[in-house]
Amino acid sequence: DLKIHALHHRLPALPYIGIPGGMASLYTVNRADVLPIVGPTAIDGYAVVNGFSGHGFKESQIIGSMMAQWITGERANFDTDVPMEFFSIDRDPIDIAEHNVLA
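So in the UniProt record's numbering, the last one in the sequence shown is 103, and the numbering has no gaps at all.
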């Protein structure tokens, strides 16, 4: 009840229809292959790391390294085998057998 009250405090126009039976959210993916989008955008200095759902923790180390290298402009002292362009919003669709998750 406290969470419902807090929600209506922030969104007073949202009609109260009782206790929800489930919840859903959106996450941004490349619509052509349903895989994450990582990297710089058309807005200078702005980058995104989106679309990992619950499996992102498995890729967080490499994605974090890729973003740190982009932010600092420095290369890590180990090889990052996957270029950031692989996850670009403008990429060609990634062709994998199952359009699901990378991990």
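Virtual Cβ for every residue (Gly too), placed ideally from N, Cα, C. Fair warning: this is a prediction, and the values are worked out from it, not measured in the lab.
Taking residue i as the reference, which of the options has the closest Cα?
| i | options | result |
| --- | --- | --- |
| I89 | E59, W70 and D33 | D33 |
Buried or exposed for residue i, please, with buried defined as at least 16 other CB atoms from any protein chain shown within 10 angstroms of its CB.
| i | result |
| --- | --- |
| G54 | exposed |
| G39 | buried |
| I63 | buried |
| E85 | exposed |
| F57 | exposed |
| F78 | exposed |
| E74 | exposed |
Just verifying my parser: in three-state terms, what is the DSSP assignment at residue i?
| i | result |
| --- | --- |
| L7 | helix |
| G56 | helix |
| I94 | coil |
| A42 | coil |
Can you list, in chain order, the residues of its chain with a C-beta nearer than 6 Å to that of residue i? Leave out the 5 residues immediately preceding and following it.
| i | result |
| --- | --- |
| F52 | P36 |
Locate the beta strand (DSSP E) running through residue i, then write down its first and last residues.
| i | result |
| --- | --- |
| I17 | Careful: I17 lies outside any beta strand (DSSP E) and carries neither H nor E. |
In its own chain, which residues sit with a C-beta less than 7 Å from the C-beta of residue i, not counting the 5 before and 5 after it?
| i | result |
| --- | --- |
| V49 | V38, I63 and M67 |
| H5 | none |
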